[in-house]
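Protein chains in written order, with numbering that gives the first Met the number 0: chain A, 0 to 157; chain B, 0 to 157. The beta carbon of each residue, even a glycine, is placed where N, CA and C say it ideally should be. A quick write-up on the structure given underneath.
2 protein chains.
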Amino acid sequence: MVKRTSFEHDDCPIARSLDAIGDWWSMLIIREALFGVSRFGEFQKRLGLAKNILAVRLRALVDQGILKTAPASDGSAYQEYLLTPKGRGVFPILVALRQWSEEFDEHPEEIASILVDKEKGRPVRKLELYSQDGRLLGAGDTALKPRTAVKQNRRVRA
Amino acid sequence: MVKRTSFEHDDCPIARSLDAIGDWWSMLIIREALFGVSRFGEFQKRLGLAKNILAVRLRALVDQGILKTAPASDGSAYQEYLLTPKGRGVFPILVALRQWSEEFDEHPEEIASILVDKEKGRPVRKLELYSQDGRLLGAGDTALKPRTAVKQNRRVRA
DNA sequence: GCACCTGGTTTAATATTGCAACCACACAAA
DNA sequence: TTTGTGTGGTTGCAATATTAAACCAGGTGC
Numbered sequence: 000m001v002k003r004t005s006f007e008h009d010d011c012p013i014a015r016s017l018d019a020i021g022d023w024w025s026m027l028i029i030r031e032a033l034f035g036v037s038r039f040g041e042f043q044k045r046l047g048l049a050k051n052i053l054a055v056r057l058r059a060l061v062d063q064g065i066l067k068t069a070p071a072s073d074g075s076a077y078q079e080y081l082l083t084p085k086g087r088g089v090f091p092i093l094v095a096l097r098q099w100s101e102e103f104d105e106h107p108e109e110i111a112s113i114l115v116d117k118e119k120g121r122p123v124r125k126l127e128l129y130s131q132d133g134r135l136l137g138a139g140d141t142a143l144k145p146r147t148a149v150k151q152n153r154r155v156r157a
Numbered sequence: 000m001v002k003r004t005s006f007e008h009d010d011c012p013i014a015r016s017l018d019a020i021g022d023w024w025s026m027l028i029i030r031e032a033l034f035g036v037s038r039f040g041e042f043q044k045r046l047g048l049a050k051n052i053l054a055v056r057l058r059a060l061v062d063q064g065i066l067k068t069a070p071a072s073d074g075s076a077y078q079e080y081l082l083t084p085k086g087r088g089v090f091p092i093l094v095a096l097r098q099w100s101e102e103f104d105e106h107p108e109e110i111a112s113i114l115v116d117k118e119k120g121r122p123v124r125k126l127e128l129y130s131q132d133g134r135l136l137g138a139g140d141t142a143l144k145p146r147t148a149v150k151q152n153r154r155v156r157a
């Protein structure tokens with residue numbers, strides 16, 4: 000493989016996100032963490048993934064500042080993994096993934112849960128993208144602009 | 000490896016999305032397609048990925064109804080790959096990924112482009128999640144509810 | 001007819017994943 | 001204090017996926 004291509008230094012922010020959290024397990028680990036899971040064993044039980052790869056993923060997420068380790072909260076001498084603000088910031092991505100499934104999945108009847116507003120218990124609205132002056136935007140209403148002060152001769156991609 | 004674990008029949012909609020488009024290249028292919036790229040060679044040139052894996056990914060995306068093939072538009076006898084509505088529905092996911100990078104990346108100065116509203120040329124707002132009665136929701140304001148008519152004894156995950 | 005472009009497939013090397021077995025430490029009971 | 005059990009890993013090995021590079025077939029251009 001030579002090396003799985005890394006997008007760490009790509010100039011596309013989508014590629015950069017994918018490089019950080021764009022693999023199946025990382026995203027699911029963060030999903031569980033958002034629901035309060037914090038212990039190694041609990042991640043392993045709920046996700047059913049191999050312990051070695053869980054260990055690698057947790058370390059990578061900690062290195063990237065998405066999770067942080069803390070010295071236990073239930074009194075035991077073990078540690079727990081907690082989300083940082085950066086980690087909690089993944090929430091909209093997970094919501095977008097969920098809503099895409101809900102809208103386009105071939106077998107929506109297999110989907111077991113729906114995301115609701117905690118206060119009223121009613122399903123949430125679809126994520127919406129607005130312009131600064133409040134117009135609802137679709138993909139076609141947007142464009143990419145090079146950032147100011149971008150180094151020349153770097154290819155602007157997306 | 001025995002087999003890379005598939006989430007195709009997982010009951011979590013996030014896992015199901017990831018199973019469909021949760022790998023680096025698929026997401027980036029869709030990103031390019033949203034910008035109008037439609038030809039094999041152009042995907043290959045812009046993404047710089049090996050042609051064999053591009054072929055595999057394109058086939059998978061077509062099988063899943065995210066892309067469809069059409070018999071050329073520039074007159075040549077070749078075919079092109081176009082997004083279906085399901086494919087265009089990925090847009091919010093890409094926006095969410097982009098915004099996460101913009102907000103939390105360690106080296107934001109390396110990000111080359113910003114997403115703007117085409118009409119005014121101004122940066123778009125952050126994606127926002129609302130309740131049905133219009134309140135802005137964060138991760139903590141939401142909960143998961145089992146779908147009605149869900150088969151019993153299936154574990155509700157997320 | 002001949003070169004070359006497009007859109008792939010094949011091959012072989014290397015990386016990643018996954019399972020299972022092992023291990024070290026904490027804690028608890030006997 | 002030995003024995004047992006749960007937690008949180010690490011190690012080894014086999015299977016699979018990714019990759020670059022070489023190859024190839026049909027269309028197109030000249």
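- Contact of Val123(A) with chain B is assigned, a C-beta pair being separated by under 7 angstroms.
- Secondary structure in the region 50-116 of chain B: the beta strand (DSSP E) runs of 3 residues or longer, each lying completely within the stretch, are 66-69, 79-82, 112-116 in chain order.
- Taking 9 angstroms as the cut-off between beta carbons, the residues of the region 126-140 of chain A near chain B are Leu126, Glu127, Leu128, Tyr129, Ser130, Gln131, Asp132, Gly133, Arg134, Leu136, Gly137, Ala138, Gly139, Asp140, in sequence order.
- The beta-carbon distance between Ala142(B) and Lys117(A), rounded to whole angstroms, is 5 angstroms. This is short enough to meet the 8 angstroms contact definition.
- Proximity to Leu27(B) across Leu48(B), Asp9(B), Ser72(B) peaks at Leu48(B), based on C-alpha coordinates.
- Counting along the chain, Lys144(A) sits inside no alpha helix (DSSP H); it lies in the beta strand (DSSP E) bounded by residues 141-145.
- Residue nearest to Arg38(A) within the set Asp140(A), Phe6(A), Ser75(A) is Ser75(A) (criterion: CA-CA distance).
- Taking 7 angstroms as the cut-off, the Cβ atoms of Leu93(B) and Ile92(A) do not count as close.
- Of the candidates Lys119(B), Glu101(B), Leu135(B), Glu105(B), Glu101(B) places its Cα closest to the Cα of Arg146(A).
- Nearest CB-CB separation between Ile13(B) and chain A: below the 7 angstroms threshold.
- Chain order gives the chain A residues near Val89(B) as Trp99, where near means a beta carbon separation below 7 angstroms.
- Beta-carbon to beta-carbon, Leu66(A) and Leu60(A) are separated by about 4 angstroms, close enough to satisfy the 8 angstroms threshold.
- In the three-state reduction of the DSSP assignment, Glu118(A) falls in the coil class, being assigned neither a helical nor a strand state.
- The criterion of a C-beta distance shorter than 7 angstroms is not satisfied by Leu17(B) and Trp99(A).
- In the three-state DSSP reduction, Glu127(A) falls in the strand class (E or B).
- Secondary-structure assignment with DSSP links Leu135(A) through a beta bridge to Tyr129(A).
- Non-local beta-carbon contacts of Glu127(A) in its own chain, meaning distances under 7 angstroms to residues more than five positions away in sequence, involve Leu135 in chain order.
- Look at Glu41(A): its C-beta is not under 7 angstroms from any C-beta on chain B.
- Per DSSP, the continuous alpha helix (DSSP H) segment holding Asp18(B) begins and ends at 12-20.
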